[in-house]
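This report refers to the structure that appears directly beneath it.
There are 2 protein chains.
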Amino acid sequence: MQPAGKGLVSAEKGADRLAPVARPRAAAAEEERLIEAIELLFFSYRDFTSDPDTILEEIGFGRAHHRVVHFVGRNPGITVAALLDILRITKQSLARVLREVIERGYLVQQTGEKDRRQRRLYLTEAGAELWERLVAPQRERVRKALAASGPGGETAWREVMFSLLDEAQRPEAEKIIIKEP
Amino acid sequence: MQPAGKGLVSAEKGADRLAPVARPRAAAAEEERLIEAIELLFFSYRDFTSDPDTILEEIGFGRAHHRVVHFVGRNPGITVAALLDILRITKQSLARVLREVIERGYLVQQTGEKDRRQRRLYLTEAGAELWERLVAPQRERVRKALAASGPGGETAWREVMFSLLDEAQRPEAEKIIIKEP
DNA sequence: AAAATATGTCAACATGGCTGACATAAATTT
DNA sequence: AAATTTATGTCAGCCATGTTGACATATTTT
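Sequence lines, in order, name chains A and B. Be aware that the first sequence starts at 0, since it is given in numbering that gives the first Met the number 0, and climbs by one per residue. Be aware that the second sequence starts at 0, since it is given in numbering that gives the first Met the number 0, and climbs by one per residue.
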């Protein structure tokens with residue numbers, strides 16, 4: 000299902016090439032285009048987070064719990080320090096959420112084998128189930144969206160999204176996101 | 000500055016076409032790709048909001064203030080009801096933020112001409128200046144990111160972002176985002 | 001033995017959401 | 001003209017999730 004032909008998805012760079020020159024039209028048009036992109040990002044991200052929000056509400060969890068479940072699910076045995084690095088919150092903030100997720104049986108801690116100061120985090124079966132429930136609609140939403148763009152659309156989308164990252168943080172983000180077997 | 004050749008931006012659909020068939024590799028690989036996209040969205044959005052956050056902190060405002068300034072700046076004379084529609088928060092939540100933004104002189108209310116129940120919202124000069132300060136780095140970030148993708152990248156990116164919206168809300172989002180002259 | 005590290009915890013506070021109840025003025029309907 | 005609906009504002013209290021600062025414990029490293 001392609002989006003409507005005209006509006007948001009056109010953005011031909013030289014569309015008003017034939018307009019009168021005197022007006023500062025080119026700059027203004029680019030600015031308009033960019034602001035549209037900014038708002039598109041805002042609205043898309045909001046809808047993107049809405050599916051899990053519904054599920055979370057049922058079980059009395061919030062987005063913070065979601066993030067913990069997700070990144071522990073994705074990185075089994077992750078240390079608390081590494082999780083803090085990803086989430087960029089204080090350990091006190093994490094502690095509260097972590098306690099709740101553990102108390103409710105979605106997550107367990109295991110003392111690190113090599114370094115016994117570490118508390119490595121793992122999802123329980125219930126946690127894995129919850130993660131799947133939460134990630135499924137997002138995956139489906141993203142799958143459809145990527146499929147809706149033409150060939151090469153996914154690569155282009157990723158390029159843009161990746162370039163939106165702070166340059167300094169791209170290597171680390173890549174490390175976190177990509178799992179090589 | 001193109002992202003590193005291998006990692007995030009490859010995603011050729013048939014990359015492992017030649018791999019052994021027995022393993023359920025195709026489905027797993029797609030799942031992996033989609034989860035990477037989900038996390039990319041998460042990290043990119045976080046960095047995307049980080050520039051304004053810095054400025055906002057200086058002046059003791061939060062993201063809520065930003066959103067109000069932005070959408071009033073973008074829609075001069077918008078009514079409170081319309082703003083609530085965009086932000087999808089309660090009027091009590093908006094009221095607090097609105098009051099602060101008005102008290103500090105960034106925004107004014109004007110009784111509607113046709114409907115005198117309405118309080119139409121406008122940025123003051125200080126408000127317009129603030130908006131420009133806030134939007135400038137985001138615009139620049141998005142400009143660079145879109146430019147970093149190949150030709151047609153912007154259109155593809157928009158298609159995907161637009162398709163991430165709830166289908167039911169696409170027409171309204173389009174109405175809000177696009178300003179026709 | 002001392003220092004550094006990984007983690008946990010207590011307490012207090014801020015932001016920005018929420019619900020519920022009620023108030024006012026203006027427009028619309030009857 | 002009266003009744004109703006609409007647009008907005010406001011009070012009060014609650015919740016989720018972030019913050020800072022201080023301190024405690026176990027373990028590893030120096």
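The C-beta atom is built at its ideal place from N, Cα and C for all residues, glycine as well.
Chain-ordered neighbours of residue i on chain A, where CB pairs are closer than 7 Å
{"i": "Trp156/B", "result": "Ala155, Trp156 and Val159"}
{"i": "Ser92/B", "result": "By Cβ distance, chain A contributes nothing, its closest Cβ being about 15 Å from Ser92/B, past 7 Å."}
Beta-carbon contacts of residue i that lie in its chain and below 8 Å, excluding the five residues immediately before and after
{"i": "His182/B", "result": "Residue coverage of chain B in this structure runs from 0 to 180, which leaves residue 182/B outside it and unanswerable."}
{"i": "Ala94/A", "result": "none"}
{"i": "Ala127/A", "result": "Gly72"}
{"i": "Arg119/B", "result": "Gly76, Ile77, Thr78, Gln108, Gln109, Thr110 and Gly111"}
Same chain, Cβ closer than 6 Å to residue i, five either side skipped, listed in chain order
{"i": "Glu153/B", "result": "Leu145"}
{"i": "Gly72/A", "result": "Leu122 and Trp130"}
{"i": "Pro75/B", "result": "Tyr121"}
{"i": "Val100/B", "result": "His64, Val67 and Leu106"}
{"i": "Thr89/B", "result": "none"}
{"i": "Ala21/A", "result": "Note that Ala21/A scores a pLDDT of 46, beneath 50, so its modelled location is shaky and nothing firm can be said."}
{"i": "Trp156/A", "result": "none"}
7 Å Cβ cutoff, residue i in contact with chain A
{"i": "Arg22/B", "result": "At Arg22/B, the pLDDT of 47 sits below 50, so the modelled position is not reliable and the matter cannot be decided from this model."}
{"i": "Tyr121/B", "result": "no"}
{"i": "Arg138/B", "result": "yes"}
{"i": "Ala26/B", "result": "no"}
{"i": "Leu145/B", "result": "yes"}
{"i": "Ala63/B", "result": "no"}
{"i": "Ile77/B", "result": "no"}
Cβ shell of residue i (< 7 Å), same chain only, five flanking positions each side left out
{"i": "Gly61/A", "result": "Leu55"}
{"i": "Glu29/A", "result": "none"}
{"i": "Ala63/B", "result": "Val96"}
{"i": "Ile175/B", "result": "Ile85"}
{"i": "Arg140/B", "result": "Phe47 and Asp50"}
Partners in chain B for residue i, counting only beta-carbon separations shorter than 8 Å
{"i": "Val141/A", "result": "Leu33, Ala36, Ile37, Leu40 and Leu163"}
{"i": "Phe60/A", "result": "Residues of chain B passing the Cβ test: none, with the nearest at roughly 17 Å."}
Minimum Cβ-Cβ distance from residue i to chain B less than 7 Å
{"i": "Gly152/A", "result": "yes"}
{"i": "Leu82/A", "result": "no"}
{"i": "Leu55/A", "result": "no"}
{"i": "Asp46/A", "result": "yes"}
{"i": "Ala172/A", "result": "yes"}
{"i": "Ile176/A", "result": "yes"}
Interface partners of residue i on chain A, CB under 8 Å
{"i": "Val134/B", "result": "Ile34 and Ile37"}
{"i": "Glu30/B", "result": "Arg138"}
{"i": "Arg73/B", "result": "Ile34 and Glu38"}
Partner residues on chain B for residue i, Cβ-Cβ distance less than 9 Å
{"i": "Gly111/A", "result": "Within 9 Å Cβ-Cβ: nothing; Gly111/A doesn't reach chain B, min ~25 Å."}
{"i": "Gln168/A", "result": "Phe42 and Asp46"}
beta-carbon residue i near the ligand PLP non-hydrogen atom, thresh 6 Å
{"i": "Asp52/B", "result": "In terms of ligand content, the structure shown is empty, and the ligand PLP therefore cannot be addressed."}
Contact set between residue i and chain B, taken where Cβ atoms lie within less than 7 Å
{"i": "Gly149/A", "result": "Ala155"}
How do the stretch 81-100 of chain A and the stretch 38-53 of chain A stand: do at least 3 beta-carbon pairs fall below 8 Å, yes or no?
They do not touch, by the three-pair rule.
Ignoring anything shorter than 4 residues, give me the alpha helix (DSSP H) runs that lie fully in the stretch 145-178 of chain B, in order along the chain. As far as the stretch 145-178 of chain B is concerned, its whole alpha helix (DSSP H) runs of at least 4 residues are 152-163 and 169-176.
Practice task
Check whether the stretch 158-171 of chain A touches the stretch 35-42 of chain B, taking contact to mean three or more Cβ pairs, one atom from each stretch, closer than 8 Å.
Solution key: Yes, the stretch 158-171 of chain A touches the stretch 35-42 of chain B.
Item checked: Every unbroken alpha helix (DSSP H) within the stretch 46-77 of chain A, with a cutoff of 4 residues, ordered by chain -> Counting whole runs of 4 or more residues, the stretch 46-77 of chain A contains the alpha helix (DSSP H) stretches 49-57 and 62-73.
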